[in-house]
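**Student:** Here full-length UniProt numbering is used: position 458 in the sequence shown is 458, and no number is missing along the way.
Cβ coordinates follow ideal geometry from the N, Cα and C atoms, glycine included.
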Amino acid sequence: MHTVSTPTMAVLVVLGLLMAFMQVIDSSVGDHQTYTSYPPYVRGKNYIWVLNETDLSNSISYLGSHSRLRAAITKLKSGNKIKVATIGGSITAGQGAVDAPNWPQYLFNWLEDTYGKDIIEGSNGAVSGTLSAYMSVCLNMHITKDVDIVFVEYSVNDWHLPGGPPFQNEMRRSFERLLRKILTYPHKPAVILVHSYIWYQAYPVPGSFWNNAEREFNELALYYHLPSVSLKACCYQHLAAEVPGFEVKTPRYKDSAVLKYRSFYYDQMHPDGNTGARVIAEMAMHMIKTAEEWLQIRPMTDKEVANVALALPAPMIQGNREAMADKCFIGNSFTQTVILKQGFDWINEANGNPRPKWGFVATKEGSVLKLEVDTRASTQTGDTDEVLVEVAYLKSYENMGQAQVSCEAGCNCTPTTADGHQVERNSLLHLHNFYVTQAKECHIVVRVLPTTNSGKHKFKLAGIMISEEAGQKEGIKNNGAVEFVGDISLLSKDGKFDVKNQI
Ligand SMILES: *[C@@H]1O[C@H](CO)[C@@H](O)[C@H](O)[C@H]1NC(C)=O
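#1: Looking only at its own chain, which residues have a Cβ that is under 8 Å from the Cβ of R321, when we skip the five neighbours before and after it?
#2: Which residue marks the beginning of the alpha helix (DSSP H) containing Y106, and which one marks its end?
#3: Thinking C-alpha only, which one of G122, K500, E214 is nearest L193?
#4: With 16 as the cutoff for other CB atoms within 10 Å, does W103 come out buried or exposed?
#5: Mark N453 as exposed unless 16 or more other C-beta atoms lie within 10 angstroms of its C-beta, in which case mark it buried.
#6: Counting only runs that start and end within the region 266-343, where is the beta strand (DSSP E) found for 3 or more residues in a row?
#7: Is residue 504 near ligand 1, judged by its Cβ being under 8 Å from some heavy atom?
#8: Is L63 helix, strand or coil by DSSP?
#9: Would you mind reading off the limits of the beta strand (DSSP E) that contains M465?
#10: Would you say P162 and E153 are within 9 Å of each other, going by their C-beta atoms?
#11: Applying the criterion that 16 or more other CB atoms from any shown protein chain within 10 Å of the CB defines a buried residue, is V248 buried or exposed?
#12: Near R172, which residues of its chain fall below 7 Å by C-beta distance, leaving aside the five closest residues on each side in sequence?
#13: Rounded to a whole number of angstroms, what is the C-alpha to C-alpha distance between H421 and L107?
#14: Indicate whether the contact test is met: 3 or more Cβ pairs, each with one atom in the region 444-453 and one in the region 296-306, closer than 8 Å.
#15: Identify whether G122 lies in helix, strand or coil by the three-state DSSP scheme.
#16: G44: which of L51, A93, W110 sits nearest, CA to CA?
#17: P40 to L239, Cα distance in whole Å?
#18: Run through the DSSP bridge pairs and tell me what C442 is partnered with.
#19: Using beta carbons (cut-off 9 Å, strictly below), is H187 in contact with chain B?
#20: Classify D487 as buried or exposed, calling it buried when 16 or more other Cβ atoms lie within 10 Å of its own Cβ.
#21: Who does H432 pair with in a DSSP beta bridge?
#22: Do you know how far the Cα of K500 is from the Cα of Q33?
Quick look at the structure:
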């Protein structure tokens, strides 16, 4: 047995005193139910970060050459305006941010405060409850083609284990096509993956680290060199340790006042605006800041500028080419597909509802709406030549009739009937699905039939979507998103959907 020497004893006593003192500080923190590491959110040039340098560095799960991001920041630093967009599901749309900004808003605020309000144009095209299968088809409704930086958040909604072999399934295929579509936009935008993480949804038990689509998305990040930020790479240990501000044991809504600044999540799915959303935003902000710091050390060379303009490599998933033509026509863009209308009028049936309800409406049998769309598939799966077309039409309980949907000029389809009448007392868009052969100019005809289950002949159409893959059996299957996006997109000047216009 050895004895403790006097100097060591002295050190231990001092340490003990220090620890006692720290406990006093700790309990006072507890009394105020705030986490001192969450500095108040104040806008301005001197933003105070929640995350320290260790967390922020850990949040970058892939950086790579990030040439596109460097190009966008070079443009910004020379005083030119850049457009920054976010897309994703409900976390990005801002559910859970009930009394504080959502993460894209924190990001846009910081960009404006750091670089100047006049040269930053942020837009948030995310929609709750969407998968990349929806966003890939309807991307044209959500971001402008002259965008410079796009943050993509689908690691949670695109799930960990979709059916089928890895990558060769509809969910991963549509995610890759979404990335490819953005990457081919004219400004050669930087695509940045944002991997969020929901503690409670982790498979097979809450808190499992490897729970979502992130690791499969990582393959695409490596393949396309997409800078990526990861909530679990940053902060998983803080969540596991129940660090105040990162607590997961109780989502905030269960005791909203007491758990403010303590719980990371507002509910079982969504980060709280004060904590989780701010952390996600800081990861995105730090990505931009890191790229800017690198640029100061090593500016872009002509060779690097040339690299940005290079064509994309072949798809990582075999045959998985992106569609070149737009595939989603709702709101304003739906009106542009119409080549003939007899008895149909483009009208808003909001009836006092703050949300507009535009659509082509007919009330008489024999009314005709003829649409022209490009039904050529982009992929080469080769199982059949036909593509799935989804037409959004209103189902309601009064005055509604039936219409026949058929094809002429260029394409073929088996004529089908859509019935606008239902017994349930609600009025919502539904999707009428049918298969069409491929054609550049496919004419689809909707004709109101003499038959009816309500005694009347009203028929209303609000959009048309064409799948990108031939032989696809699923479609976007998301009539809720189609209705919401159609309504809200008509509140913006450019016909694009932005969360900030939502009512
Ligand atoms: C950042 O915070 C973490 C967690 O509190 C801590 O482990 C780490 O040492 C801190 N890093 C720095 C550079 O302060």
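**Tutor:** Quick answer:
#1: In the sequence shown, the residue the question calls residue 321 occupies position 321. Excluding residues within five positions, the ones whose Cβ falls inside 8 Å are R177, R180, P315, S378, T379, Q380.
#2: For this step, residue 106 is matched to residue 106 along the sequence shown. Run containing Y106: 103-115, per the alpha helix (DSSP H) assignment.
#3: If you number the sequence shown from 1, residue 193 lands on position 193. Nearest of G122, K500, E214 to L193, Cα basis: E214.
#4: Here the question's residue 103 lines up with position 103 in the sequence shown. Its Cβ being crowded by 16 or more others within 10 Å, W103 is buried.
#5: Against the sequence shown, residue 453 aligns to sequence position 453. With fewer than 16 other Cβ atoms inside 10 Å of its own Cβ, N453 counts as exposed.
#6: Complete beta strand (DSSP E) runs here, min 3: 328-330, 338-342.
#7: Residue 504 is absent from the structure shown; the chain starts at 1 and stops at 503.
#8: Position 63 of the sequence shown, counted from the first residue, corresponds to residue 63. Three-state result, L63: coil.
#9: Along the sequence shown, one-based indexing puts residue 465 at 465. Unbroken beta strand (DSSP E) run through M465: 459-470.
#10: Within the sequence shown, residue 162 is the residue found at index 162, counting from 1. Within the sequence shown, residue 153 is the residue found at index 153, counting from 1. When the beta-carbon positions are compared, P162 and E153 stay at least 9 Å from each other.
#11: Stepping through the sequence shown from its first residue, residue 248 is reached at position 248. Under this definition V248 is a buried residue.
#12: The sequence position of residue 172 within the sequence shown is 172, counting from 1. Taken in chain order, the residues that qualify are P162, E216, I317.
#13: On the sequence shown, residue 421 is found 421 positions in, with the first residue counted as 1. On the sequence shown, residue 107 is found 107 positions in, with the first residue counted as 1. One alpha carbon belongs to H421, the other to L107, and they sit about 45 Å apart.
#14: As far as the Cβ criterion goes, the region 444-453 does not touch the region 296-306, which means the pair count is below three.
#15: Counting from one through the sequence shown, the residue named residue 122 turns up at place 122. In the structure shown, G122 sits in a strand (DSSP, three-state: E or B).
#16: Counted from its first residue, the sequence shown places residue 44 at position 44. Distance from the Cα of G44 is smallest, within the candidate group L51, A93, W110, for W110.
#17: Along the sequence shown, read from residue 1 onward, the residue named residue 40 stands at position 40. Along the sequence shown, read from residue 1 onward, the residue named residue 239 stands at position 239. Taking the Cα positions, P40 is about 21 Å away from L239.
#18: To locate residue 442, count along the sequence shown from 1; it is residue 442. Under the DSSP definition of a beta bridge, C442 partners with V373.
#19: Considering every chain present, this structure includes no chain B. It has just one protein chain.
#20: The count along the sequence shown starts at 1 and reaches residue 487 at position 487. With 16 or more Cβ atoms within 10 Å of its Cβ, D487 is classed as buried.
#21: The residue given as residue 432 occupies position 432 in the sequence shown. DSSP, once it has assigned bridges, lists V391 as partnering H432.
#22: Reading the sequence shown from its first residue, position 33 is the one you call residue 33. Reading the sequence shown from its first residue, position 500 is the one you call residue 500. Because the pLDDT at Q33 is just 42, under 50, the model does not fix this residue reliably, and the value given afterwards should be weighed accordingly. The C-alpha of K500 is placed about 31 Å away from the C-alpha of Q33.
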